[in-house]
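Read the structure below first, then the notes.
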Amino acid sequence: MFTAKDIQIKVIDSASSRKIVERYHYSGKCAQNSQIHFGVFLGGRLEGALQFGPSIDKRRMAQNLGIGFNESLELNRMALSDNCPKNSESRALGICLRILKKKYPHLKIIISFADACQCGDGTIYRASGFKLHSYKVNTSLLKMPNGEVVANKSLNNKLSSDGKYLSSIAIKNGAKRLPGYQMKYLYFFDKGLEKRFKFVDFDKIPDYVKMYRDWE
Numbered sequence: 117m118f119t120a121k122d123i124q125i126k127v128i129d130s131a132s133s134r135k136i137v138e139r140y141h142y143s144g145k146c147a148q149n150s151q152i153h154f155g156v157f158l159g160g161r162l163e164g165a166l167q168f169g170p171s172i173d174k175r176r177m178a179q180n181l182g183i184g185f186n187e188s189l190e191l192n193r194m195a196l197s198d199n200c201p202k203n204s205e206s207r208a209l210g211i212c213l214r215i216l217k218k219k220y221p222h223l224k225i226i227i228s229f230a231d232a233c234q235c236g237d238g239t240i241y242r243a244s245g246f247k248l249h250s251y252k253v254n255t256s257l258l259k260m261p262n263g264e265v266v267a268n269k270s271l272n273n274k275l276s277s278d279g280k281y282l283s284s285i286a287i288k289n290g291a292k293r294l295p296g297y298q299m300k301y302l303y304f305f306d307k308g309l310e311k312r313f314k315f316v317d318f319d320k321i322p323d324y325v326k327m328y329r330d331w332e
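Dropping the structure here:
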């Protein structure tokens with residue numbers, strides 16, 4: 117029987133990564149800004165993928181964190197099949213972090229967001245050494261009338277013919293913002309930089325922020 121120690125991580129092509137994410141990630145969607153793709157192999161079979169890329173607005177993110185615009189990456193997607201044993205996610209993430217640190221020595225921070233509206237509050241991130249930087253009420257995810265969940269940014273890449281944002285049109289036509297919170301987590305390669313930050317104590321935030329959202 118396999119254990120998490122049997123996992124192997126290899127760089128894979130974007131097409132293979134996309135297939136895994138579309139099949140196993142709760143959103144069923146890949147992030148368009150993903151540039152680095154790691155495959156999670158178990159017994160020689162591709163059973164998962166982790167995708168990393170720059171923040172969509174990396175200059176603004178860099179300003180907020182006080183770093184250079186190319187000194188951070190986001191963990192855009194992490195998706196593993198049910199064939200992976202217990203603790204596979206944290207082990208896979210830990211290996212990927214070590215690879216990134218070695219291959220890209222200029223990186224200072226890895227950023228990830230936990231979507232407590234849909235999938236949880238970041239247990240894997242905390243187990244992997246990430247620190248909770250902040251949390252906020254969800255304002256970016258919409259549930260469409262057909263049940264599909266979409267991000268504001270994907271709707272607002274283009275304006276309607278009359279110059280209105282598509283997200284406002286969607287809300288007018290019955291789309292609703294998902295209830296719940298989104299959490300920002302940071303992992304520091306630069307431990308000196310880490311000392312400059314104040315973090316949120318996860319154990320002290322309200323339970324309604326942490327809880328998994330079982331919405332209809």
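Residue numbers (the working numbering): 117 to 332.
C-beta atoms are modelled at their ideal positions from N, C-alpha and C, and glycine is treated no differently.
All values derive from a computational prediction rather than experimental measurement.
So, are the CB atoms of residue i and residue j less than 8 Å apart?
| i | j | result |
| --- | --- | --- |
| Tyr251 | Tyr297 | yes |
| Ser188 | Ser171 | yes |
| Tyr142 | Gly164 | no |
| Leu162 | Gly155 | yes |
| Val316 | Ala232 | no |
| Ile183 | Phe304 | no |
| Ile123 | Arg207 | yes |
| Ile128 | His153 | yes |
| Leu158 | Asn199 | yes |
| Asn289 | Pro322 | no |
| Phe318 | Leu248 | yes |
| Tyr301 | Ala230 | yes |
| Asn291 | Lys202 | Asn is not the amino acid found at residue 291; the sequence shown has Ala there. No, Cβ-Cβ distance for Ala291 and Lys202 is not below 8 Å. |
How would you label residue i, buried or exposed, when you count the other beta carbons within 10 angstroms and need 16 or more for buried?
| i | result |
| --- | --- |
| Gln148 | exposed |
| Met299 | buried |
| Phe246 | buried |
| Ser132 | exposed |
| Lys307 | exposed |
| Asp237 | buried |
| Arg175 | exposed |
| Gln167 | buried |
| Glu190 | buried |
| Lys110 | Here the chain covers residues 117 to 332 and nothing more, so residue 110 does not appear. |
DSSP on residue i, reduced to helix/strand/coil?
| i | result |
| --- | --- |
| Gln179 | helix |
| Phe304 | strand |
| Ala165 | strand |
| Pro318 | A quick correction: the sequence has Phe, not Pro, at residue 318. Three-state result, Phe318: helix. |
| Arg134 | helix |
| Lys145 | coil |
| Lys174 | helix |
| Arg242 | helix |
| Leu309 | helix |
| Glu332 | Only weak support exists for where Glu332 lies, its pLDDT of 43 falling under 50; the value from the coordinates is given anyway. Residue state, collapsed to three classes: coil. |
- Message: Tell me whether the segment 131 to 150 and the segment 214 to 224 touch, counting them as touching only if at least three CB pairs, one residue from each stretch, are closer than 8 Å.
- Response: no
- Given 8 Å as the limit, is there contact between the segment 193 to 205 and the segment 254 to 261, that is, 3 or more CB pairs closer than that? no
- Task: Let me know the alpha helix (DSSP H) ranges lying completely inside the segment 189 to 236, each 4 residues or longer, listed in chain order.
- Result: 204 to 219
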